[in-house]
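One structure below.
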Amino acid sequence: MKLSIRAGLPLRQRVAVTGRARLSSTAVHSPEHRMVMPPGFNSKAAQCTRLTTSEPPRAPVQHESPCTSTMPPGFKAQVGRLDTFELPDKVTGSKGDMALGKALVGAWRRDGIIQIAMNDKQRKLWDEAKAASHRFFRKPHAEKAACVDSQSYSGYIASGEEVTDGIADYSEIFTITKDLDMAEPRVRAKWPCHGPCPWPDIEMKEPMTRYNENLGLEGEKLLQLAEFGLGVTPGSLTRHTRDGWHHARVLRFPPRNATNGKGKEGRGIGSHTDYGLLVISAQDDVGGLFIRRPSQDEKFANWEKSAAGLKEDDEGWVYIPPVEGTHTVILGDMMQYLTRNYLTATPHKVGLNTRERFALAYFHEPSFQAVLKPLEGGCGGLPAEPSTAETTEGVHYGTHFTNMFLRNYPDRITTQRLKAENRYSLLSTPELRTMGALPVLA
Ligand SMILES: [Fe+2]
Numbered sequence: 001m002k003l004s005i006r007a008g009l010p011l012r013q014r015v016a017v018t019g020r021a022r023l024s025s026t027a028v029h030s031p032e033h034r035m036v037m038p039p040g041f042n043s044k045a046a047q048c049t050r051l052t053t054s055e056p057p058r059a060p061v062q063h064e065s066p067c068t069s070t071m072p073p074g075f076k077a078q079v080g081r082l083d084t085f086e087l088p089d090k091v092t093g094s095k096g097d098m099a100l101g102k103a104l105v106g107a108w109r110r111d112g113i114i115q116i117a118m119n120d121k122q123r124k125l126w127d128e129a130k131a132a133s134h135r136f137f138r139k140p141h142a143e144k145a146a147c148v149d150s151q152s153y154s155g156y157i158a159s160g161e162e163v164t165d166g167i168a169d170y171s172e173i174f175t176i177t178k179d180l181d182m183a184e185p186r187v188r189a190k191w192p193c194h195g196p197c198p199w200p201d202i203e204m205k206e207p208m209t210r211y212n213e214n215l216g217l218e219g220e221k222l223l224q225l226a227e228f229g230l231g232v233t234p235g236s237l238t239r240h241t242r243d244g245w246h247h248a249r250v251l252r253f254p255p256r257n258a259t260n261g262k263g264k265e266g267r268g269i270g271s272h273t274d275y276g277l278l279v280i281s282a283q284d285d286v287g288g289l290f291i292r293r294p295s296q297d298e299k300f301a302n303w304e305k306s307a308a309g310l311k312e313d314d315e316g317w318v319y320i321p322p323v324e325g326t327h328t329v330i331l332g333d334m335m336q337y338l339t340r341n342y343l344t345a346t347p348h349k350v351g352l353n354t355r356e357r358f359a360l361a362y363f364h365e366p367s368f369q370a371v372l373k374p375l376e377g378g379c380g381g382l383p384a385e386p387s388t389a390e391t392t393e394g395v396h397y398g399t400h401f402t403n404m405f406l407r408n409y410p411d412r413i414t415t416q417r418l419k420a421e422n423r424y425s426l427l428s429t430p431e432l433r434t435m436g437a438l439p440v441l442a
């Protein structure tokens with residue numbers, strides 16, 4: 001299959017790339033240069049990484065990219081070549097941080113997705129989390145199926161259980177939401193979606209918790225940098241993430257076959273946007289992720305009307321090949337709402353490949369209790385002041401999150417209990433809409 005890749009993008013001044021990616025840009029596309037790559041370098045990955053250099057722009061060319069070899073069969077898409085950024089250990093507001101923030105925002109506005117380099121610690125945490133994921137999904141079905149909770153949406157989701165736009169997805173998932181024990185006030189008060197995580201064992205709990213906690217730090221840094229890039233007051237984004245409703249999804253995708261997908265052959269996860277601020281993901285070397293770039297012609301607002309199924313079978317998808325040692329970062333609905341479409345949530349979908357695939361998506365989110373209102377216009381390019389209608393009402397993140405899970409899991413025990421106990425009505429009470437408030441228990 002011959003596919004075109006977008007190789008003619010203007011090359012910009014290098015802002016931050018991984019140490020491994022500091023090769024000449026010639027090496028990126030010339031097979032003969034692969035032989036001189038440093039030991040341990042994944043040549044396939046390198047060819048998929050757009051390196052930013054000070055060289056003048058090159059004319060657009062058509063490539064038969066080796067990266068296409070990992071694209072799931074049956075899909076037609078461009079192959080994305082992404083900038084890989086290296087985040088500082090700490091964001092201080094230095095000139096470098098300002099420049100990096102602007103570059104991140106620019107890349108999200110252009111591509112809808114960025115790559116960030118894992119440091120050595122993160123590579124180790126990812127390897128451990130991946131091993132725990134393999135171990136969990138190898139367990140007998142009954143053992144996995146027992147990992148459910150009637151109060152939280154944490155736990156196991158069997159292949160075919162998740163529904164996107166009315167069609168079953170064939171991903172197999174372990175969801176991790178805030179792990180709250182039964183004595184916790186919010187659990188005792190029966191707040192929607194609040195409850196324990198039904199871990200199968202400590203071998204799953206510990207590496208996943210370590211991995212997600214580390215990405216929590218990464219998420220905060222990205223938001224701080226995004227504030228610089230947007231030109232808004234520091235804290236404009238991070239003030240919403242105090243006790244953020246961060247969560248994660250451990251994912252296994254079965255190999256494609258003739259019957260999975262219930263009428264949509266080879267369907268992994270249908271097109272959708274995610275609900276919060278940032279989605280930081282790692283994937284193994286199999287490949288399956290597709291995204292859509294921001295487009296003026298594609299209007300959607302998932303918090304008002306579901307964007308599930310959006311452009312599912314249309315042209316314009318970009319395949320994101322696995323690049324070893326990196327996380328990808330896409331944007332969620334709340335980032336789009338806060339920035340009034342200056343940064344838009346990234347539509348994405350997953351195709352099944354010829355081999356099973358493992359991935360992990362971490363969601364960096366506002367507090368469940370946060371009521372978000374659009375940011376004030378800044379010098380970074382945000383639209384002018386928000387309208388009165390936007391500022392008076394706002395979006396309650398907890399309600400948006402609950403709506404998403406009700407829609408995706410109509411038959412789950414958690415949904416049944418939530419409805420039977422009329423928990424949904426609590427979402428409109430003041431304590432659930434005031435950050436940091438705790439229920440008053442009798
Ligand atoms: Fe998603």
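Just so we're aligned: 3 in the UniProt record's numbering is position 3 of the sequence shown, and the numbers increase by one with no gaps anywhere.
Ideal Cβ positions, reconstructed from N, Cα and C, are used throughout, including at glycine.
Boundaries of the alpha helix (DSSP H) in which Phe-300 is found, first to last residue: First-last for Phe-300: undefined, no H or E at that position.
Around ligand 1, Cβ to any heavy atom closer than 7 Å, ordered along the chain: Ile-269, His-272, Asp-274, Val-279, His-348, Ala-361
Proximity of Val-105 and Gly-216 at Cβ, strictly below 7 Å: Here Val-105 is not near Gly-216, since their CB atoms are 7 Å or more apart.
Spatial distance of Cys-197 from Thr-415 (CA atoms): 16 Å
Three-state secondary structure assigned by DSSP to Cys-48: Interpretation of Cys-48 is limited by its pLDDT of 42, a score under 50 that renders its predicted location unreliable; the figure taken from the coordinates is listed afterwards. Looking at Cys-48 - three-state DSSP - the assignment turns out to be coil, as it is neither helix nor strand.
Contact between the stretch 86-93 and the stretch 288-306 (3+ Cβ pairs under 8 Å): Here the stretch 86-93 does not lie against the stretch 288-306, with fewer than 3 beta-carbon pairs under 8 Å apart.
Own chain, CB closer than 7 Å to Leu-125, minus 5 neighbours either side, in chain order: Arg-210, Tyr-211, Asn-214
Same chain, Cβ closer than 6 Å to residue 447, neighbours up to 5 away in sequence not counted: Outside the displayed span of the chain (1 to 442) sits residue 447, for which this structure offers no information.
Short Cβ contact (7 Å threshold) for Asp-243 with Ser-367: If you check the CB distance, Asp-243 and Ser-367 come in under 7 Å.
Beta strand (DSSP E) segment containing Ile-413, residue limits: Note, Ile-413: premise wrong, no beta strand (DSSP E); alpha helix (DSSP H) at 413-420.
Outcome for Asp-297 when other beta-carbon atoms lying within 10 angstroms are tallied against a minimum of 16: exposed
Ala-132 - DSSP class collapsed to helix/strand/coil: Residue state, collapsed to three classes: helix.
Helix, strand or coil at Glu-64 [DSSP, three-state]: Annotation note: pLDDT 40 at Glu-64 (below 50); position unreliable, coordinate value reported separately. If DSSP states are grouped into helix, strand and coil, Glu-64 belongs with coil.
N-terminal and C-terminal residue of the beta strand (DSSP E) that Gln-283 is part of: 278-283
Between the CA atoms of Pro-321 and Ser-425 - distance to the nearest angstrom: For the pair Ser-425 and Pro-321, the Cα-to-Cα distance works out to about 43 Å.
Euclidean distance between Cα positions of Thr-70 and Gly-287: Spanning the two alpha carbons is a distance of roughly 5 Å.
Distance between beta carbons of Pro-207 and Glu-128, contact taken as under 8 Å: 4 Å
Identity of the residue in Arg-138, Phe-174, Thr-238 nearest Ser-152 by Cα: Phe-174
Rounded distance between the beta-carbons of Phe-85 and Ala-103, thought under 8 Å: 7 Å
Contacting residues, own chain, Cβ-Cβ under 8 Å from Ala-145 (five flanking each side not counted): Tyr-156, Ala-158
Exposure of Ala-308, with buried meaning 16 or more beta-carbon neighbours within 10 Å: buried
Beta-carbon proximity list for Val-440, same chain, < 8 Å, skipping 5 on both sides: Glu-431
Pick from Ala-359, Thr-233, Val-279, Gly-268 that is closest to Phe-137, judged by C-alpha positions: Of the candidates Ala-359, Thr-233, Val-279, Gly-268, the residue whose Cα lies closest to the Cα of Phe-137 is Ala-359.
Cβ-Cβ distance between Leu-343 and Trp-108 below 7 Å: yes
8 Å contact criterion, which Thr-328 and Gln-115 should meet: CB distance rounded: 6 Å
Residue from Gly-74, Gln-78, Phe-75, Leu-82 whose Cα sits closest to the Cα of Val-323: Leu-82
Reduced DSSP secondary structure (H/G/I, E/B, other) of Gln-122: helix
With 16 other Cβ atoms within 10 Å as the buried cut-off, status of Arg-249: buried
Three-state secondary structure assigned by DSSP to Leu-237: coil
Residue range of the alpha helix (DSSP H) that includes Leu-115: Rather than Leu, the amino acid found at residue 115 in this sequence is Gln. Per DSSP, Gln-115 belongs to no alpha helix (DSSP H); it is in the beta strand (DSSP E), 113-117.
Inter-residue CB distance, Asp-97 and Leu-225 (contact presumed, cutoff 8 Å): The pair is a contact, with the Cβ atoms about 6 Å apart (cut-off 8 Å).
Start and end residues, beta strand (DSSP E) containing Leu-289: Counting along the chain, the beta strand (DSSP E) containing Leu-289 begins and ends at 289-292.
Nearest-angstrom Cα separation, counted from Glu-218 out to Leu-382: C-alpha separation (whole angstroms): 24 Å.
Three-state secondary structure assigned by DSSP to Ala-145: helix
Three-state class that DSSP yields for Val-286 in the structure shown: coil
C-beta contact flag for Gly-268 and Val-350 at 7 Å: yes
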